[in-house]
Each structure stands twice: as structure tokens, then as C-alpha cells.
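Using the working numbering, the first residue of the sequence shown is number 977, and each one after it goes up by one. Think of the CB as a built atom: it goes at the ideal place given N, C-alpha and C, for glycine as much as any other residue. Keep in mind the model is a prediction, meaning the values are calculated, not measured.
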Amino acid sequence: MKLYTDASFNWKTTEQSEENVVRGKIAIHDDNNFKRIENVVVGKVPQLRQYNNVFELIAIARAVELASEENPKAESLSIYTDSKTAMYWARAGKIKKASVLTEAHASALEYLRQARAQFGGNIKFNFIPREQNLAGFLLQE
977 MKLYTDASFN WKTTEQSEEN VVRGKIAIHD DNNFKRIENV VVGKVPQLRQ
1027 YNNVFELIAI ARAVELASEE NPKAESLSIY TDSKTAMYWA RAGKIKKASV
1077 LTEAHASALE YLRQARAQFG GNIKFNFIPR EQNLAGFLLQ E
């Protein structure tokens, strides 16, 4: 099974909002007809301005979770993302640079850990250029 993931959020809207959350979107697409865009909300973290990698990691975790639900007997899964940072975090299951790690990052990593345990099979996390990422095209529509 192969799934493409992508994410987006608008910092200007977030910065102007009085809400204590950041709103973004994630997209998941396969090579066929499976297409999904979901709205995602994470709590604001003081001093954190760049949430895109958090949303990218959430998109990866959600794709793993959906793979478990859609094909519970799958033995392998390939995830393609245009975020090298999120790909490396997903592969390692952690963020090596402690100064980057926030509660938002930790929550996304825990979500991924749980999704991986639920899937149970072999998962490969791969980089794909933005212009080839089918999930990215969904967010552009």
C-alpha cells in the first residue's frame, strides 16, 4: 500500500486569531481513488511560529491510521511526504534536537507511535518532491 501526505496552515491567520489553537489541513491520497482532506487543530505553543512540520507529522500519522482501518491485513505501507523534516522524525520516532521539541511535536509523535503499533506491519517513510506529491495537489484544489 502506498499513501501520499501533505499539510498546510496559514501563519497570518493564526497570528491574528485570539484562539489558543492553530488550524491547518492535512491531505492523504493513494495512487487510485482514495482522497481525503481533513481539518486539524493543535494547541498554540508559546514562541512557536512554524507549525507546518507538526501538521506534516500529523498527516503521516493519520495516513498510517487510515491504512490500518482501510486494509487491516496489509503487511507493508509506504508513506510519501514532501517534508524531509517530518520524514526523518517519523523514521526515528523522535526529534533529536531537544530545542525543537514542544508539546505539539510530542503529541504528534505519540499519535504516530500509536498508529504504527496499530498497523503492525512494515512502514517506510519516503521523500517525494512537492511537484510529484499527489496529496499536495489535493490541497491546491
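- The continuous stretches of beta strand (DSSP E) do not include residue 1031, which lies in the alpha helix (DSSP H) extending over residues 1028–1046.
- The beta carbons of residue 1033 and residue 1088 sit closer together than 8 angstroms.
- In this structure, residue 1042 sits away from residue 1065, with a CB-CB distance that is not shorter than 8 angstroms.
- Per DSSP, reduced to three states, the secondary structure at residue 1012 is strand.
- By the criterion of a C-beta distance shorter than 7 angstroms, residue 1070 is surrounded in its chain by 1085, once the five residues flanking it on both sides are discounted.
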